[in-house]
Amino acid sequence: MTMHGEQDAQAFDASHLDVDFDLPRPVDEMAFPDIYVGLDIDLLAPGDGIVTDRHHASADRYEADDPQNQIAGQISPFTLSGWLRHGCERVVQTAGATACHPGESNADYMLEDVYDRDLDSGYHEKGSCVDGDGDAGCVVHDLFGGFGNRAGRVIRRPIRFSPIRRQVDVTKGEAEAHYRQLNTQVRSRNAADEGQPLRQATRDVVGNLVGTWRLTLRELKPEYVGLLVEAIDYLDAHSDEYAMQLGGARNFGAGIVDAEVVNPLYSDAELRRVYNRAQDATSGMDTKDDVWRDQCRAEFVRALQARTAARDGDVPVPGGESA
Numbered sequence: 003m004t005m006h007g008e009q010d011a012q013a014f015d016a017s018h019l020d021v022d023f024d025l026p027r028p029v030d031e032m033a034f035p036d037i038y039v040g041l042d043i044d045l046l047a048p049g050d051g052i053v054t055d056r057h058h059a060s061a062d063r064y065e066a067d068d069p070q071n072q073i074a075g076q077i078s079p080f081t082l083s084g085w086l087r088h089g090c091e092r093v094v095q096t097a098g099a100t101a102c103h104p105g106e107s108n109a110d111y112m113l114e115d116v117y118d119r120d121l122d123s124g125y126h127e128k129g130s131c132v133d134g135d136g137d138a139g140c141v142v143h144d145l146f147g148g149f150g151n152r153a154g155r156v157i158r159r160p161i162r163f164s165p166i167r168r169q170v171d172v173t174k175g176e177a178e179a180h181y182r183q184l185n186t187q188v189r190s191r192n193a194a195d196e197g198q199p200l201r202q203a204t205r206d207v208v209g210n211l212v213g214t215w216r217l218t219l220r221e222l223k224p225e226y227v228g229l230l231v232e233a234i235d236y237l238d239a240h241s242d243e244y245a246m247q248l249g250g251a252r253n254f255g256a257g258i259v260d261a262e263v264v265n266p267l268y269s270d271a272e273l274r275r276v277y278n279r280a281q282d283a284t285s286g287m288d289t290k291d292d293v294w295r296d297q298c299r300a301e302f303v304r305a306l307q308a309r310t311a312a313r314d315g316d317v318p319v320p321g322g323e324s325a
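By my numbering, the letter at position 56 of the sequence shown is numbered 58, and the numbering carries on one by one without gaps.
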């Protein structure tokens, strides 16, 4: 069976957890260290987070708002990473623990006392969870890392997109999407000026995005997988909440994301089959869905609960009397 990226087999390290970790399938039969997030987005407006494969200065070669243009490009991982981290923070906070703040406590913020207000809303100071040398801190700090400090344990790649379906390879974290450059105007409201434009703004957007976002773990710890699958589920369930939308133009319905972690038991061929409109899931894929849902996923989430409980005494240990 061909697995994603031909990765060497690795084992999950659960030696630091107070619970047993037992997967029903070998790791080399799974996609890890890669995790594929399936995305379906009607409209995405990530600000300056779109890099097209054609330079905007070459206006004589194409018109950015022409629907006949077949413009491909990349969606920056920075907006995507913030969206994912927000979901991870909510999962940890829902469990009863505090999440690591993404910003330094001594930074020069635009609003006075905003950091302190954040700390009163389910966060702790960035890096305050690190007790000493070799301590990775809380699971959010460990997974996303700190600036100038230990690298985060998850690599968040850009999403390459193309409007031509046959040029999209979902096993590489690519998506089918259609780029447009939109112009919006603010017009005068008085009768004498007859709606003369006061201001024009240009916005880059992609529409009808369907594909995958490829995440890669630098090391295999089960709580990382548990946090990511729980975060994606949370973001999907709260996709139309303003704070959980992705990118800008949220009042116009942009950034409402249907998201799921694609079954890590799928082979390359099965992953491609998910996004092939001409093919249905096989019986083997249905069986793998049952195994992932009923056996594998619960083990990863239990590892996350154990890791969170180990750092916060108020969070129950899985299987304990207070769990």
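For every residue, glycine included, the Cβ atom is placed at its ideal position computed from N, Cα and C.
Presumed contact (8 Å Cβ cut-off) between residue i and residue j, rounded CB distance
i: Gln76; j: Pro160; result: 4 Å
i: Lys174; j: Asp15; result: About 27 Å separates the two Cβ atoms, so there is no contact after all.
i: Met32; j: Leu267; result: 6 Å
i: Val39; j: Ala261; result: 6 Å
i: Leu41; j: Trp215; result: 6 Å
i: Leu211; j: Ala177; result: 5 Å
i: Arg155; j: Tyr226; result: 6 Å
i: Glu127; j: His103; result: 6 Å
i: Leu45; j: Gly209; result: 5 Å
Simplified DSSP state of residue i, which is helix, strand or coil
i: Cys140; result: coil
i: His180; result: strand
i: Cys298; result: helix
i: Ala59; result: With a pLDDT of 44 at Ala59, under the threshold of 50, the modelled position of that residue is not reliable, and the figure given next carries that caveat. Residue state, collapsed to three classes: coil.
i: Arg201; result: strand
i: Arg155; result: coil
i: Val132; result: coil
i: Ala256; result: coil
i: Glu221; result: coil
i: Ala101; result: strand
i: Asp115; result: coil
i: His88; result: helix
i: Leu19; result: coil
i: Leu25; result: coil
i: Asp44; result: strand
i: Tyr277; result: coil
i: Thr284; result: coil
i: Val188; result: strand
i: Glu272; result: helix
i: Gly228; result: helix
i: Met3; result: Because Met3 carries a pLDDT of 48, less than 50, the predicted location of this residue cannot be relied on, and the following value inherits that uncertainty. If DSSP states are grouped into helix, strand and coil, Met3 belongs with coil.
i: Val303; result: helix
i: Phe14; result: coil
i: Ile73; result: coil
i: Ile234; result: helix
i: Ala312; result: helix
i: Phe80; result: helix
i: Leu267; result: coil
i: Ala261; result: strand
i: Leu248; result: coil
i: Phe146; result: helix
i: Val172; result: helix
i: Asp50; result: coil
Minimum C-alpha distance to residue i - residue among the options
i: Cys131; options: His143, Ala233 and Val227; result: His143
i: Leu229; options: Gly255, Asn185, Ser241 and Gln307; result: Gln307
i: Leu145; options: Ala203, Ala233, Ala239 and Gly197; result: Ala233
i: Val188; options: Pro199, Ala194 and Pro79; result: Pro199
i: Ala74; options: Ser164, Ala312 and Arg201; result: Ser164
i: Asp50; options: Asp30, Arg27, Asp24 and Thr204; result: Thr204
i: Gln169; options: Thr289, Arg274 and Phe23; result: Arg274
i: Ile166; options: Gly154, Arg155, Asp288 and Ala179; result: Ala179
i: Arg158; options: Gly139, Pro35, Ala99 and Ser107; result: Pro35
i: Ala312; options: Asp171, Gln247 and Val141; result: Val141
i: Glu243; options: Asp118, Arg92, Ala194 and Glu221; result: Arg92
i: Glu106; options: Ser190, Arg87 and Gly129; result: Gly129
i: Arg201; options: Asp195, Thr186 and Asn192; result: Thr186
i: Val207; options: Val172, Arg27 and Phe254; result: Phe254
i: Leu217; options: Gln183, Ser190 and Val172; result: Val172
i: Ala182; options: Tyr277, Tyr125, Asp55 and Leu121; result: It should be noted that the sequence gives Arg, not Ala, for residue 182. Among Tyr277, Tyr125, Asp55 and Leu121, the Cα nearest to that of Arg182 belongs to Asp55.
i: Ser78; options: Thr289, Ser123, Tyr117 and Arg162; result: Arg162
i: Leu184; options: Glu221, Gln297, Asp122 and Ala251; result: Ala251
i: Thr289; options: Arg27, Gln12 and Phe23; result: Arg27
i: Gln297; options: Ala13, Phe23 and His18; result: Phe23
i: Ala13; options: Gln247, Glu221 and Ala194; result: Glu221
8 Å Cβ cutoff met for residue i and residue j
i: Ala97; j: Thr310; result: yes
i: Ala47; j: Gly249; result: yes
i: Arg304; j: Val53; result: no
i: Ile43; j: Val259; result: yes
i: Leu25; j: Glu272; result: no
i: Arg299; j: Val231; result: yes
i: Gln95; j: Gly124; result: yes
Cβ of residue i within 8 Å of any chain D Cβ
i: His240; result: Absence of chain D from the displayed structure is noted, only one protein chain being present.
Discussion item. Tell me whether the region 95 to 112 and the region 262 to 282 touch, counting them as touching only if at least three CB pairs, one residue from each stretch, are closer than 8 Å.
Written reply: no
Worksheet item: Any contact of the region 76 to 92 with the region 275 to 287, i.e. 3+ C-beta pairs under 8 Å?
Response: no
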